[in-house]
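Going from the sequence shown to this note's numbering is simple: count from 1 and add 665. No residue lacks a Cβ here, since even glycine has one placed at the ideal position from N, Cα and C. Everything numeric in this text was worked out from a predicted model, so none of it was measured.
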Amino acid sequence: MRKLCIAATFDDVQLWTAVQSYADAFYVLRRSAHERKVKDALLATLAFIRPCSTYAADLRPALESNWPDMEDYLVVHASKHVPAAFLITRDADMARRSPIKALTACEFLAYLESEKGLVYDEVPLPGKH
Numbered sequence: 666m667r668k669l670c671i672a673a674t675f676d677d678v679q680l681w682t683a684v685q686s687y688a689d690a691f692y693v694l695r696r697s698a699h700e701r702k703v704k705d706a707l708l709a710t711l712a713f714i715r716p717c718s719t720y721a722a723d724l725r726p727a728l729e730s731n732w733p734d735m736e737d738y739l740v741v742h743a744s745k746h747v748p749a750a751f752l753i754t755r756d757a758d759m760a761r762r763s764p765i766k767a768l769t770a771c772e773f774l775a776y777l778e779s780e781k782g783l784v785y786d787e788v789p790l791p792g793k794h
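See the structure below:
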């Protein structure tokens with residue numbers, strides 16, 4: 666994930682995430698950290714992650730779909746409202762059902778290297794250990 670954030674910081678990619686994912690992250694992370702720290706950390710991600718959302722018109726198809734997880738349906742279908750070329754996920758079922766090509770983060774980084782010639786390595790900075 667860190668390398669994807671680096672790619673976004675250099676404007677080599679645009680990272681989008683569904684607004685619902687921020688709510689999920691907030692509730693999960695709040696179990697381990699103070700609410701203000703979690704909110705500040707999520708706020709910091711807005712520097713390189715763009716939020717997107719579904720519309721009211723997405724609800725009926727979600728309810729009529731055969732997706733077992735309606736939230737997954739809405740997260741995946743938020744991609745149709747932005748210029749998303751890929752869905753990056755570890756969820757195999759979500760990937761299989763996605764209307765756009767789905768890859769893991771590692772697969773996407775391999776794609777960036779093979780198709781775009783972009784490689785992201787983490788290197789220690791002098792004086793930072």
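Positions of the beta strand (DSSP E) runs, each at least 3 residues long and wholly inside the region 672-715, are given as 680-683 in order along the chain. When the five nearest sequence neighbours on each side are left out, the beta carbons in the same chain lying within less than 7 Å of the beta carbon of ASP723 are those of LEU739 and HIS742, in order along the chain. The beta carbon of ALA749 sits closer than 7 Å to the beta carbons of TRP681 and ILE765 from its chain, once the five residues preceding and following it are set aside; these are given in chain order.
Here LEU752 is bridged, per DSSP, to ALA767. Comparing alpha-carbon positions, the option among ALA673, VAL788 and PRO791 lying closest to THR710 turns out to be ALA673. Between TYR687 and PRO716 the beta-carbon gap is near 7 Å, inside 8 Å, which marks them as a contact.
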